[in-house]
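Visitor: Line by line, the protein sequences give chains A and B. If you're matching positions, the first sequence starts at 128 in my numbering and goes up one per residue. If you're matching positions, the second sequence starts at 3 in my numbering and goes up one per residue. Note that beta-carbon positions come from the ideal geometry of N, C-alpha and C, so glycine has one too.
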Amino acid sequence: MPASLFPPYEDLLRILPEIVLTIAGTLVMVLEPALRPERKRLLGGIAIAGLLVALWGTAVANLFRGPAFHQMVVVDGFATFFRALVIVVGILAVLCSIHYLQRERPDSGEYYALVLFSVVGQSVMAAANELIMIFIGLEISSIATYVLAGYLRDDRRNNESAIKYFLLGSFATAFLLYGIAWIYGAAGTTNLVEIRRVLSTPELAPPRFLVGVSAALMFVGFAFKVSAAPFQVWAPDVYQGAPAPVTAFMSAGPKAAAFAIFLRVYMTAFEPISNRWEPVVWLSALATMFVGNFAALLQNNIKRLLAYSSIAHAGYVMVAVSAHSEIGTAAAMFYLAAYAFMNVGAFAVVTHFARQGEKYVDVDDLAGLGHRQPVTAALFSIFLLSLIGIPLTGGFFGKFYIFKAALEAKLYWLTVIGLLNSAVAAYYYLRILVVMYFHEPGEAAQTVSPVAPGVKIALWASAAGTLLLGIFPSVILDFADRSAALMK
Amino acid sequence: MHPVTNVHYMVLSVALLLVGTIGVLTRRNIVIILMSIELILNAVNINLVAFSHHFGDVHGQVFAIFVIAVAAAETTVALGILIALFRNKETVLADEVDLLKW
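#1: Can you list, in chain order, the stretches of the alpha helix (DSSP H) that have 4 or more residues and sit fully within the stretch 537–588 of chain A?
#2: Entirely within the stretch 438–499 of chain A and at least 3 residues each: give me those beta strand (DSSP E) ranges in chain order.
#3: Val13(B) versus chain A: which residues are under 7 angstroms apart at the beta carbon?
#4: Check the C-beta distance from Tyr311(A) over to Leu50(B) and give it rounded, since I have them as a contact under 8 angstroms.
#5: Indicate whether Val477(A) and Lys537(A) have their beta-carbon atoms separated by less than 8 angstroms.
#6: Within 10 angstroms of its Cβ, does Thr415(A) collect 16 or more other Cβ (buried), or is it exposed?
#7: Short of 7 angstroms in beta carbon distance, which residues of its chain neighbour Ala396(A), apart from the five on each side in sequence? Order them along the chain.
#8: At a cut-off of 7 angstroms, is Phe349(A) close to the ligand NAD when judged by its beta-carbon and the heavy atoms of the ligand?
#9: For Arg284(A), which residues in chain B fall below 8 angstroms Cβ to Cβ?
#10: If His498(A) and Val582(A) are in contact, beta carbons under 8 angstroms, what's the gap, nearest whole angstrom?
#11: Using a threshold of 8 angstroms, state whether the C-beta atoms of Tyr278(A) and Tyr239(A) are closer than that.
#12: Can you name the residues that DSSP bridges to Pro518(A)?
#13: Can you give me the Cβ contacts of Met128(A) inside the same chain, cut-off strictly under 6 angstroms, excluding the 5 residues immediately before and after it?
#14: Could you have a look at Glu257(A) and say whether DSSP puts it in helix, strand or coil?
#15: Classify Gly368(A) as helix, strand or coil using the three-state DSSP reduction.
#16: Please report the distance separating the alpha-carbon of Phe336(A) from that of Gly380(A).
#17: For Tyr555(A), which residues in chain B fall below 9 angstroms Cβ to Cβ?
#18: Who are the Cβ neighbours of Asn47(B) in its own chain at under 6 angstroms, not counting the five residues just before and after it?
#19: Taking the straight line between their C-alpha atoms, what separation do you get for Ser549(A) and Ile515(A)?
#20: From the DSSP output, in three-state form, read off Val6(B) for me.
#21: Quick one: is His61(B) near chain A, going by C-beta distance under 8 angstroms?
#22: For the stretch 67–87 of chain B, which residues have a CB atom closer than 8 angstroms to at least one CB atom of chain A, in sequence order?
#23: Residues bridged to Gly193(A) by DSSP?
#24: Counting only beta-carbon separations shorter than 8 angstroms, does Ser601(A) have a partner in chain B?
#25: Under 9 angstroms between beta-carbons, which chain A residues line up against Asn31(B)? List them in chain order, please.
#26: Using beta-carbon positions only, say whether Phe208(A) and Ser589(A) come within less than 8 angstroms of one another.
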């Protein structure tokens, strides 16, 4: 007989952000049928309010650090960091979406519920300390994102994006699950800390073959979710086909959450066999940087270009993972935060510029934007410079800390190749800047409309975040440094 | 002596995994690809329940129930996406979905 049917209230407070977001998402779904199409934007307001309360809930949960629900969830600095990050990404994505949805599909508001549920899943992933929770969080997040990718269901590009995302995504998740089943068979537990204990005790250590295969299978699943080579093939197609604000969302939020579980699983559970997985992550980091940067050189569609760029950025974070140290973990956390701001900002510009039916999504369409809308162009330039890694932007310090961590882990070749890759990347980002400022305004720039208020807020907030991380990196980095020691 | 051991379950599960993987990689029809993914998930469930029985630990069985529930949700979403695709393109063949490429 259990002591009490109800969990202690500290446990409930530790999952406060998830509770708040679930309530807000349900509220959106209940209110959605009752509102007339022109009032659906109200639901966007509810979503933002819910996300803000959840951000407060994250701070409250952070006061009650420790494991909850029989070690299923753990609230530590690492969890708080990623929870806050995915919630902020959610807010920015909703801000970008309000005007976009009014224009493309005014009759439906369940979009906001899907964003909220996806954030719930990512938040669960951030705090999961257990393979079951990791799987559930991943699926809550993924299923909502599959639907979002195909949200404009009369648009063929959306259909194609959703079906490709779904098929490859669930295939990869199936492999992840198979890996989880084997590690459960090998270690007899699904708790990450317990797995670590079993693997590091020589008398208990299970057959190395079983552990190796399950770590490899789980790597397939995680590498897919973070779009690391050789499992990155889906990303360009999905990012290009999905609605622009959804791409902004899924290139930042789910990716950060996937890196959170990746780091947690490989830095706690599989740490005793780190000499086995380090070379694999090393190779994957290398391939990811090359594929992302070199394929991006050839792109003309700006969403596809940014998709390849997002693959390349996943490669830089993989460098930090393969450093396999607390400094590496902190560097990865900082980079993901900087990346979230600059990438969502860049996609917010795409959202604004694409217009009805996403007509203008080629790099050449941006010609002359610098003359027509100097402010938007200047903000876009900040994001692009940050993506290159120019000083005074978050992207610079992100790369700096990652390569510093790589050098301290004696990964000299990876550092050299990473730096060369950043130089290659500068070419395709600068090309956008050149088109924007030095080409004669084309038809697309002539007809550009003023920036919608939601997108404007998202743009300014992302730019502020990017510059803040570039000028005062210690604000986030100190927190990341203190949180990088995971529960072991 | 119990005739069925863990090894038997694992062999069955690996066989199902292979059938499912080959199905995903070689079939063109998206509905059959979905069925193949379900096969892999069932391979996972067999493993989980067998190990759970072996350890006398209930976690594996609970996990299997979660996998079944999530797989059902996933299939629902997949069929929804597929119907939207079919309405616009009149096809369920994976290689005819080729609008986005470089």
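Guide: According to the data block:
#1: 539–565 and 570–573
#2: none
#3: Correct list: empty, because the minimum Cβ distance to chain A is about 13 angstroms.
#4: 7 angstroms
#5: no
#6: buried
#7: Leu319, Ile322 and Arg323
#8: For the structure depicted, the ligand NAD is absent and the ligand set is empty, with no information on it obtainable.
#9: Leu101 and Leu102
#10: Not a contact, Cβ separation roughly 20 angstroms.
#11: no
#12: Pro518(A) is not bridged to any residue.
#13: In this prediction, Met128(A) has a pLDDT of 43, which is less than 50 and means its spatial position is unreliable; what the coordinates show is noted afterwards. Answer for Met128(A): no residue qualifies.
#14: strand
#15: helix
#16: 34 angstroms
#17: Those do not exist, as Tyr555(A) stays about 14 angstroms from chain B at its closest Cβ, beyond 9 angstroms.
#18: Ala66 and Val69
#19: 7 angstroms
#20: coil
#21: yes
#22: Phe68, Val69, Val72, Ala75, Glu76, Val79, Ala80, Gly82, Ile83, Leu84, Ala86 and Leu87
#23: Val202(A)
#24: no
#25: Within chain A, no residue comes near Asn31(B); the closest Cβ sits about 12 angstroms away, beyond 9 angstroms.
#26: no
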